[in-house]
Amino acid sequence: MTRIHDMGGRFGDGQVKPSAPNESLFEKPWHARALAITLAAGALGRWNQDASRHSRERLPPKDYARFSYYEKWLAALADLLVRREVVAIDEFAQPERLPSQRLSKNALLGSEVAKELAKVTPSTCEISRKPRFATGDKVRTRRPSGNSLVKGGHTRLPAYAAGCLGKIVMFRGNHVFPDSNAHFLGEAPEPLYSVAFSSEELWGCVKDSSNDEVIIDLWESYLVSAN
Amino acid sequence: MPHDHCESDHPHNLLPSDPELRVKALETVLVKKGLVDPAALDAIIEIYENRVGPRNGARVVAKSWCDDEFRSELLEDASSAVGKLGYSGRQGAHLVAVENSPEVHNVVVCTLCSCYPWPLLGIPPAWYKSDPYRSRMVREPRKVLKEFGLEIESGRKVRVWDSTAEIRYLVVPMRPEGTENFTESDLADWVTRDSMVGTGLPKPPASQ
């Protein structure tokens, strides 16, 4: 149904530690390196962003909990490289012994990085049907949350908002559907909406903050009409 | 229904467990196989360390405080408005600016991962990616904001945006009182990173 990354509303995580003055962007030099190899390997085009997110989410819960942020990135990258057949599993055994090959034509060149990072890649697509819901419509989210195409697959309906009554705030265009795209089953674009949920609906009676709300971006197939 | 691969299939276990050695091993494999240009790695780090960061967002906010036409454009279509200032790119195709007011305080979280408007704010800080922030901001935003030193009056609505799709939210804080005669560039110095996520307020450069 859900995985360990889906932590909205969970108890027990303790206090948030705001940044110390002059905190560095990368706590350790290898953090920067982990970010850079992830982006450079992503530029090979062998997977998409949804697949990349899913690769982090599907780490065993024990690893997800004990790994720091960039350790999750590294583990997910290693898994993706093998699953997408970019690297053979035995090549991880003794990297220094691998023969040096010429730079692939698909590799991101140092000279192209600035252009590549400044590139805007919209996740919106044209579709022929019209959005089913309009601003102000009442909707209820699917329950249980979870991918309906692949068991244990990627989804973006957080468990804390499953089965809840909300109101459409705005239609955001037709966006690539992560539940399908993460598994290379096609982009399958769907209308996307910002949906408002009152704190009371999500968490029950909330002292001093009954007027507060959470807005979540949700794809049409996560929603049913509740007008 | 297909199942999501074999659950025991986690090739990362074959790499060294020390993260520093793990990065090195991955980098070596990718470079030896000709899949990654080492110069690209240095260039990526240089850009996020020096060029793309919260100063971009601060300039956008300061401009919206000084220029009504830009403010309307920003609230209408933020990607287009900030694109004209040269701020575009990865994690920024669908930017949305949400403005604070005496009635509403906005704050942004990503409970499922760490989605963040990179072209305007750069790489997210550690707290934004931390479990306590991700788990608690949707359930008890007022309490979490207090941990940042921010108390929201009880009559004011707290609106939490959980970034579950490719929409990336920028909070536009309210212009501080007493800054009427400030130039746009002076104002930009008041706009902190946290004020654009909703966990802080603009403050004088000396107290940041």
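In order, the protein sequence lines correspond to chains A and B.
Take the first sequence: its position 61, counted from the start at 1, is 65 in this note's numbering, and no numbers get skipped.
Take the second sequence: its position 102, counted from the start at 1, is 878 in this note's numbering, and no numbers get skipped.
By construction, the Cβ of each residue, glycine as well, lies at the ideal position given by its N, Cα and C atoms.
In this text the structure is predicted, and so the values were computed from the model without any measurement.
Grouping DSSP H, G and I as helix and E and B as strand, with all else coil, what is residue i?
i, result
"V872 of chain B", "strand"
"G170 of chain A", "strand"
"V180 of chain A", "coil"
"E942 of chain B", "coil"
"R935 of chain B", "strand"
"W207 of chain A", "helix"
"H881 of chain B", "strand"
"W841 of chain B", "helix"
"D54 of chain A", "helix"
"T6 of chain A", "coil"
"R144 of chain A", "strand"
"A846 of chain B", "A small fix is needed here, since residue 846 of chain B is Phe in this sequence, not Ala. In the structure shown, F846 of chain B sits in a helix (DSSP, three-state: H, G or I)."
"D17 of chain A", "coil"
"I823 of chain B", "helix"
"I131 of chain A", "coil"
"K979 of chain B", "coil"
"V90 of chain A", "coil"
"V124 of chain A", "coil"
"F96 of chain A", "helix"
"V812 of chain B", "coil"
"V828 of chain B", "coil"
"V117 of chain A", "helix"
"E783 of chain B", "Low confidence applies here, because E783 of chain B scores a pLDDT of 49, under 50, leaving its location unreliable and the question unanswered by this model."
For residue i, report the span of its beta strand (DSSP E) as first-last.
i, result
"P195 of chain A", "194-202"
"L107 of chain A", "Run containing L107 of chain A: none; DSSP gives neither H nor E here."
"S229 of chain A", "227-229"
"D962 of chain B", "No beta strand (DSSP E) holds D962 of chain B; the alpha helix (DSSP H) holding it covers 960-966."
"D221 of chain A", "217-223"
In the DSSP assignment, find the alpha helix (DSSP H) that holds residue i and state where it starts and stops.
i, result
"V858 of chain B", "854-859"
"Y909 of chain B", "907-912"
"T42 of chain A", "33-46"
"V973 of chain B", "969-973"
"W894 of chain B", "894-897"
"A77 of chain A", "Sequence check: residue 77 of chain A is Trp here, not Ala. Start and end: 73-87."
"P25 of chain A", "Neither: P25 of chain A is in no alpha helix (DSSP H) and is coded neither H nor E."
"G798 of chain B", "The sequence given here places Arg at residue 798 of chain B; Gly does not occur at that position. Segment 795-808, the alpha helix (DSSP H) holding R798 of chain B."
"A69 of chain A", "65-70"
"E923 of chain B", "917-923"
Of the residues the options, which one's Cα is nearest the Cα of residue i?
i, options, result
"G931 of chain B", "A:G208, A:S23, A:N215, A:R37", "A:N215"
"R798 of chain B", "A:G12, A:T42, A:R14, A:L29", "A:T42"
"R87 of chain A", "A:Y74, A:E191, A:K66, A:H187", "A:H187"
"S229 of chain A", "A:T145, A:S213, A:R106", "A:T145"
"R60 of chain A", "B:L921, B:F958, B:P814, B:H788", "B:H788"
"G915 of chain B", "B:D965, B:P900, B:C886", "For the record, residue 915 of chain B in the displayed sequence is Arg; it is not Gly. Taking only the C-alpha atoms, the option nearest R915 of chain B is B:C886."
"K808 of chain B", "A:V91, A:E75, A:A40, A:F71", "A:V91"
"P195 of chain A", "A:K109, A:L29, A:K134", "A:K134"
"R944 of chain B", "B:G954, B:M972, B:S961", "B:M972"
"E3 of chain A", "A:G12, A:D94, A:Q98, A:V218", "The question about residue 3 of chain A has no answer, for chain A in this structure spans 5 to 231."
"P814 of chain B", "A:V154, A:S115, A:D141", "A:S115"
"H870 of chain B", "B:S856, B:G954, B:V880, B:S877", "B:S856"
"R176 of chain A", "B:E927, B:R935, B:D853", "B:D853"
"S877 of chain B", "B:P949, B:S961, B:C891", "B:P949"
"D962 of chain B", "B:G859, B:P908, B:A838", "B:A838"
"D818 of chain B", "A:A122, A:P33, A:W207", "A:P33"
"T6 of chain A", "A:V20, A:V124, A:L63", "A:L63"
"G170 of chain A", "A:G190, A:L206, A:K155, A:N178", "A:L206"
Let me confirm a value: residue i is counted as buried when at least 16 other C-beta atoms fall within 10 Å, else exposed. Which label applies?
i, result
"L222 of chain A", "buried"
"F201 of chain A", "buried"
"N231 of chain A", "exposed"
"A138 of chain A", "exposed"
"D938 of chain B", "buried"
"P978 of chain B", "buried"
"L108 of chain A", "Per the sequence shown, residue 108 of chain A should be read as Ser rather than Leu. With fewer than 16 other Cβ atoms within 10 Å, it is exposed."
"P895 of chain B", "buried"
"K922 of chain B", "exposed"
"E783 of chain B", "Here the model assigns E783 of chain B a pLDDT of 49, short of 50, so the residue's position is not dependable, and the following value carries that caveat. Exposed."
"C891 of chain B", "buried"
"N957 of chain B", "exposed"
"E100 of chain A", "exposed"
"S198 of chain A", "buried"
"Q867 of chain B", "buried"
"K76 of chain A", "buried"
"F15 of chain A", "exposed"
"R969 of chain B", "buried"
"T959 of chain B", "exposed"
With hydrogens ignored, establish whether the beta-carbon of residue i is closer than 7 angstroms to any heavy atom of the ligand MN.
i, result
"D938 of chain B", "No copy of the ligand MN occurs in the structure displayed, which carries no ligand at all."
Quiz prompt | Residues within the stretch 884-896 of chain B neighbouring chain A, beta-carbon criterion of under 7 angstroms | solution = Hits within the stretch, in order: T887, L888, C889.
Quiz item: Listed in chain order, which residues of the stretch 204-224 of chain A have Cβ atoms closer than 9 angstroms to some Cβ of chain B?
Solution: L206, W207, V210, D212, S213, N215, D216, E217, V218, I219, I220, D221, L222, W223
Self-check item: Cβ-based contacts, 7 angstroms cut-off: residues of the stretch 801-814 of chain B near chain A
Solution: A801, L802, E803, T804, V805, L806, K808, K809, G810, L811, V812, D813
Quiz prompt | Residues in the stretch 911-934 of chain B having any Cβ partner in chain A nearer than 7 angstroms | solution = S911, R912, V914, R915, P917, R918, V920, E923, F924, S930, K933, V934
Quiz item: Listed from N- to C-terminal order along the chain, which residues in the stretch 111-129 of chain A have their beta-carbon within a distance smaller than 9 angstroms of any beta-carbon of chain B?
Solution: A111, L112, L113, G114, S115, E116, V117, A118, E120, L121, A122, K123, V124, T125, P126, S127, T128
Quiz item: Name the residues in the stretch 87-105 of chain A whose C-beta lies less than 8 angstroms from a C-beta of chain B; which are they?
Solution: R87, V90, V91, I93, E95, F96, A97, P99, E100, L102, P103, S104, Q105
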